[in-house]
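Notes follow once the structure below has been shown.
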Amino acid sequence: MRASEIAIKLLAGHVIPKAGFDSSDHPPGCHPGTRLDISGSILTWAHNLAREYRVLWLNGPAGVGKSAILQTIAEIEAKSGSSILGATLFFSRPKSRDDAQCVFITIAYQLSMRYRPYRNYIIELLTFDPRLIEKSLAEQFEMFIVQPFAVKKLLAGLRDTVLIILDGLDECNGEEAQRQIIFLIGKFSLEYPMSPLIWLVASRPEPHIFSAFSSKAITSSWEEMQVPVDSDQGCRDVERYLRDNFEEIRERYPQSIPSSEQQWPAEVDFSKIAARSSGLFVFPSTIIRFIGDTDYANPVSQLKIVLGVIDSTSSTGTAKNPFALLDALYTRILSEIHRDVLRTTMYLLALYTGKLVFSDSDSNMVLGVACNWFGVTQGDAYGALRKLHSVLKIPAPQKAFDSDEGALKPFHASFFDYLVTHSRSGAFYVGAPEIIQRHLLRCIHVLEACHSVEMSNVDMNRINLSWPPSSPPSQRDGSFAQHNAFYSSRDILIKVPHKYVNEPVLHEFNRLSSFFQDLDSELWILNIRVEGMCQYLTSAFRTCFEDWGVLKTIPLVSFNTEDIRLDETVLLTLVHSPDWSEETFKSDSGCEFSGGSNMNYLFFLPALHGTQFIDHQGQEIKKYSIMCLHESRPLSKNPAWMAHIQQQLATLTKISPSYSVTVFGRGRKSLAHIRFEHPDEVWFYALPCVSGTPSV
1 MRASEIAIKL LAGHVIPKAG FDSSDHPPGC HPGTRLDISG SILTWAHNLA
51 REYRVLWLNG PAGVGKSAIL QTIAEIEAKS GSSILGATLF FSRPKSRDDA
101 QCVFITIAYQ LSMRYRPYRN YIIELLTFDP RLIEKSLAEQ FEMFIVQPFA
151 VKKLLAGLRD TVLIILDGLD ECNGEEAQRQ IIFLIGKFSL EYPMSPLIWL
201 VASRPEPHIF SAFSSKAITS SWEEMQVPVD SDQGCRDVER YLRDNFEEIR
251 ERYPQSIPSS EQQWPAEVDF SKIAARSSGL FVFPSTIIRF IGDTDYANPV
301 SQLKIVLGVI DSTSSTGTAK NPFALLDALY TRILSEIHRD VLRTTMYLLA
351 LYTGKLVFSD SDSNMVLGVA CNWFGVTQGD AYGALRKLHS VLKIPAPQKA
401 FDSDEGALKP FHASFFDYLV THSRSGAFYV GAPEIIQRHL LRCIHVLEAC
451 HSVEMSNVDM NRINLSWPPS SPPSQRDGSF AQHNAFYSSR DILIKVPHKY
501 VNEPVLHEFN RLSSFFQDLD SELWILNIRV EGMCQYLTSA FRTCFEDWGV
551 LKTIPLVSFN TEDIRLDETV LLTLVHSPDW SEETFKSDSG CEFSGGSNMN
601 YLFFLPALHG TQFIDHQGQE IKKYSIMCLH ESRPLSKNPA WMAHIQQQLA
651 TLTKISPSYS VTVFGRGRKS LAHIRFEHPD EVWFYALPCV SGTPSV
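FYI, the numbering for the sequence shown is 1 to 696, going by UniProt numbering.
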């Protein structure tokens, strides 16, 4: 075997397999007619000899289509008569295309296949030193890149531009290696601006990659191009992709789609899929593959499954899971999180998917407040989230307490769908009992921290902040964070389903007996929607409340109205149908109350006469009206209203003697709660009282 053959064979034996754009396992390119804006901008940069920067960093979240764009660029250049394409490397960790040690070897091999002068150089180099392939990245870069293209200028007069494409740099094994590759490329581009090499690098916007590009030593070597999420052009591209592919499926299966269906899918179904895509091609491309699967050969049935999955993620528990590829992507991203911080990561994800608040919707709690609730420091929070920048919009520290920009948000809703569906996320399921149970223990700790046994009171300001907000609004935000931690912990412990309360949780909860015995009446209900009071009666801890003497139920006829405290604020509210959305509540300008600035009570004090509701001025309350007033004045400011309350309760007793009163707390810190349902109205009463002692 000749020396040239030995050298090339040695080089070929150490390349990253199937990493080129023309390999048998290359990524798909862009759908025809899509991504023309971004592709056009990249090609303009690549062919502009007067370009200012020799490195272009294309970044965007997972699934936005970066690989497809770079694959298309490579294909266009390969077919061009004046091609500038030199080498392509598409990293893929799941496919074992991630060996950092082989990056410049792979590039060198491809360049040797394209340019004879470079091939001869490589043969001579490896014949002299075959161990070069075992040396450091810096040494390989020096010998494979710097010497031939900058020092020896092997392509002088042959090529003005040689484009090298690196896709998915974040998939390369090792963050340090990724940073080193960026530094070597950037430094080379600055030191040798006359070299023909230009670099197109694509990756997710991971913090360490951004930090590497932002290094002062190379910051002037590159420019950035983002693949935006949910842009108008991106959404139009997705719609075009979907329409073209649905038409192709219809042509492929003419016997499966009834001819009577002139439009398939129906526009409403098409719009639903397009809307869920949010400009990310990862979702529609997976959908199209599933619907057009030749193994099923039934696109109509497959489409129904997809629509069912969109409407209810529980459908993904079946074997027919159209999100398998997407799930694999999310699983791999989460698998990169170090186990030492994974617990905190799962905590935050569980909150923002609604699993920790037992809600179907994700929380809008800002990150800083959430971390103070969890007892997580700023450093620990960003350490736990640093691998998730490709799937989450993570606020900068200075925005972490911002009500508009401070919450964690997914780039694509399917990420949260994945997290809350056990059959899809497996070990990363955010509804795992152990996650919720750990959080219950945290909630117990928060409430316990508020309580002073010596002073027999509860003060939210006793909560220590793990992430104190920065000034100037620190006092306001700090107080808000403490109050939020208190109310959130209280509400979680009220709403937790029985299945999550195991022996350790129950044991710890029993430590709160004196806390609830010392809880002021207003803290039982403050910041709780009035219908939420009923959740105490279904709470997994109801037996504990009853044993501690802070929860009891008595007949309405036995409730003594003389026990109502005139020096405390009361809450009465009328609603028509229990719709508690914010837009449902309407203030009644006819009421004499002026809006309070810092109270969250819902107030109205009417008098009830049979089926007719009369306000304190004797005016009939219109049917279906809903009163929402913020007021902080106690009954003592208008003592005559006691008679109205007594009259109401007397009327309620006549209508239904079986009604009961739920009394929370003990002694002067008690609160009486009454829920009355009328055919057209629902009333809630919350009356501070001395003890709720039954009258004789």
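We treat Cβ as the ideally placed atom computed from N, Cα and C, and that holds for glycine.
For M346, count the other beta carbons within 10 Å of its own beta carbon; 16 or more makes it buried, fewer makes it exposed. Which is it?
Working through the sequence shown from its first residue, we reach residue 346 at position 346. Buried, by the Cβ-count rule.
Could you have a look at V501 and say whether DSSP puts it in helix, strand or coil?
Sequence index remark: in the sequence shown, residue 501 carries index 501 (1-based). Assignment of V501 by DSSP, reduced to helix, strand and coil, places it in the coil class.
What's the gap between the Cα of L385 and the Cα of R675?
Looking up residue 385 in the sequence shown gives position 385. Looking up residue 675 in the sequence shown gives position 675. Rounded to the nearest angstrom, the two C-alpha atoms are 44 angstroms apart.
Measuring alpha carbon to alpha carbon, tell me which of D340, L334 and E267 ends up nearest L307.
In the sequence shown, the residue the question calls residue 307 occupies position 307. Measuring from the Cα of L307, the nearest candidate turns out to be E267.
If we call anything under 8 angstroms between Cβ atoms a contact, is L242 one with F411?
The residue labelled residue 242 in the question sits at position 242 within the sequence shown. The residue labelled residue 411 in the question sits at position 411 within the sequence shown. No, the pair does not count as a contact, with Cβ atoms beyond the cut-off.
Taking the CB atoms as reference points, tell me whether T161 and I84 lie closer together than 8 angstroms.
Here residue 161 refers to the residue found at position 161 when the sequence shown is read from its first residue. Here residue 84 refers to the residue found at position 84 when the sequence shown is read from its first residue. Cβ distance < 8 angstroms, so T161 and I84 count as in contact.
So which of S425, K304, V282 and G383 has the shortest CA-CA distance to A350?
Against the sequence shown, residue 350 aligns to sequence position 350. Checked all of S425, K304, V282 and G383; the closest Cα to A350 is S425.
Taking the alpha-carbon positions, what's the D459 to H208 distance?
As a first step, residue 459 must be located in the sequence shown, where it is residue number 459. As a first step, residue 208 must be located in the sequence shown, where it is residue number 208. The straight-line gap from Cα to Cα measures roughly 42 angstroms.
Who pairs with P410 in a beta bridge, going by DSSP?
In the sequence shown, residue 410 corresponds to position 410, counting from 1. Per DSSP, L392.
Just curious, the alpha helix (DSSP H) that D350 is in, first and last residue?
Within the sequence shown, numbered from 1, the residue matching residue 350 stands at position 350. For the sequence presented, residue 350 should be read as Ala rather than Asp. Element bounds for A350: R339 to Y352.
Cβ-based burial, S220 [other Cβ within 10 Å; buried from 16]
The residue labelled residue 220 in the question sits at position 220 within the sequence shown. Sixteen is the threshold: since fewer than 16 other Cβ atoms of the shown chains lie within 10 Å of the Cβ of S220, the residue is exposed.
Using the C-alpha atoms, what's the distance from V505 back to G29?
Position 29 of the sequence shown, counted from the start, is the residue given in the question as residue 29. Position 505 of the sequence shown, counted from the start, is the residue given in the question as residue 505. Their Cα atoms are separated by approximately 53 angstroms.
Does the pairing of the stretch 384–402 with the stretch 200–207 give three or more beta-carbon distances under 8 angstroms?
Output reads yes: the stretch 200–207 touches the stretch 384–402.
Measure the beta-carbon distance from Q226 to D37 and round it to whole angstroms, keeping in mind my assumption that it falls under 8 angstroms.
As a first step, residue 226 is located in the sequence shown; it is residue number 226 there, counting from the start. As a first step, residue 37 is located in the sequence shown; it is residue number 37 there, counting from the start. In fact, because the Cβ distance is near 12 angstroms, the residues do not count as touching under 8 angstroms.
Nearest-angstrom Cα distance between V550 and P688?
Against the sequence shown, residue 550 aligns to sequence position 550. Against the sequence shown, residue 688 aligns to sequence position 688. Rounded to the nearest angstrom, the two C-alpha atoms are 14 angstroms apart.
Excluding the 5 residues flanking A485 on each side, which residues of the same chain have their C-beta closer than 7 angstroms to its C-beta?
Numbered from 1 along the sequence shown, position 485 holds the residue referred to as residue 485. The residues are N372, W373, V446 and I463.
Hey, could you find the ends of the beta strand (DSSP E) T88 is sitting in?
On the sequence shown, residue 88 is found 88 positions in, with the first residue counted as 1. Taken as a continuous stretch (DSSP letters only), the beta strand (DSSP E) holding T88 covers L85 to F90.
Helix, strand or coil: which one does DSSP assign to K135?
In the sequence shown, counting from the first residue as 1, residue 135 sits at position 135. Correct three-state label for K135: coil.
Tell me the DSSP secondary structure of I249 in three-state form.
On the sequence shown, residue 249 is found 249 positions in, with the first residue counted as 1. I249 falls in the helix class under three-state DSSP.
Where L440 and Y487 are concerned, what is the direct C-alpha to C-alpha distance, given to the nearest angstrom?
Locating residue 440 in the sequence shown gives position 440, counting from the first residue. Locating residue 487 in the sequence shown gives position 487, counting from the first residue. So the two alpha carbons sit approximately 13 angstroms from each other.
What are the start and end residues of the beta strand (DSSP E) that includes I218?
Counting from 1 along the sequence shown, the entry for residue 218 is found at position 218. First-last for I218: undefined, no H or E at that position.
Kindly indicate which three-state DSSP category H208 falls into: helix, strand or coil?
Residue mapping note: residue 208 aligns to position 208 of the sequence shown, counting from 1. Helix.
Using CA coordinates, which residue listed in S39, N245, S256 and A413 is at the minimum distance from K393?
Taking the first residue of the sequence shown as position 1, residue 393 is located at position 393. Per the Cα distances, A413.
Three-state class that DSSP yields for S488 in the structure shown
Taking the first residue of the sequence shown as 1, we reach residue 488 at position 488. Of the three classes helix, strand and coil, the one that applies to S488 here is helix, per DSSP.
Report the three-state DSSP secondary structure of L385 (helix, strand or coil).
Mapped onto the sequence shown, residue 385 falls at position 385. In this structure, L385 counts as helix in the three-state DSSP scheme.
Considering just the uninterrupted stretch of the alpha helix (DSSP H) at W373, what are its terminal residues?
On the sequence shown, residue 373 is found 373 positions in, with the first residue counted as 1. Where W373 is concerned, the enclosing alpha helix (DSSP H) stretches over L367 to F374.
CB of W57 within 8 angstroms of CB of W222, strictly:
Your numbering for residue 57 matches position 57 in the sequence shown. Your numbering for residue 222 matches position 222 in the sequence shown. Taking 8 angstroms as the Cβ cut-off, W57 and W222 qualify as a contacting pair.
Could I get the ranges of all uninterrupted alpha helix (DSSP H) runs contained in the stretch 255–320, with 4 residues as the minimum, in chain order?
267–277, 282–291 and 299–311
Leaving out the 5 sequence neighbours to the left and right, which residues in its chain are closer than 7 angstroms to S41 when beta-carbon positions are compared?
Taking the sequence shown and counting its residues from 1, one reaches residue 41 at position 41. If we look at S41 and ignore the five residues flanking it on each side, its Cβ neighbours are M225.
Roughly how many angstroms lie between the CA atoms of I257 and K187, to the nearest whole one?
As a position in the sequence shown, residue 257 is number 257, starting the count at 1. As a position in the sequence shown, residue 187 is number 187, starting the count at 1. Answer to the nearest angstrom: the Cα atoms are 58 angstroms apart.
Near S277, what residues of its chain come up, given a Cβ to Cβ distance below 7 angstroms and the 5 sequence neighbours on each side ignored?
Position 277 of the sequence shown, counted from the first residue, corresponds to residue 277. Beyond the five residues adjoining it in sequence on each side, S277 comes within less than 7 angstroms, by CB distance, of V238, F283 and P284 in the same chain, given in chain order.
Inter-residue spacing [alpha-carbon to alpha-carbon] between Y685 and A449:
Reading the sequence shown from its first residue, position 685 is the one you call residue 685. Reading the sequence shown from its first residue, position 449 is the one you call residue 449. Whole-angstrom Cα-Cα distance: 30 angstroms.
Quick check on the DSSP output: the alpha helix (DSSP H) that includes N120 runs from which residue to which?
Residue mapping note: residue 120 aligns to position 120 of the sequence shown, counting from 1. N120 -> alpha helix (DSSP H) spans R116 to F128.
Quick check for students: name the residue ranges of the beta strand (DSSP E) that lie wholly in the stretch 27–63, counting only runs of 3 or more.
55–59
Which residues does DSSP list as the beta-bridge partners of D402?
Looking up residue 402 in the sequence shown gives position 402. BP columns for D402 are empty, so no partner.
If you reduce the DSSP assignment to three classes, tell me which class T106 lands in.
As a position in the sequence shown, residue 106 is number 106, starting the count at 1. DSSP places T106 in the helix class (H, G or I) of the three-state scheme.
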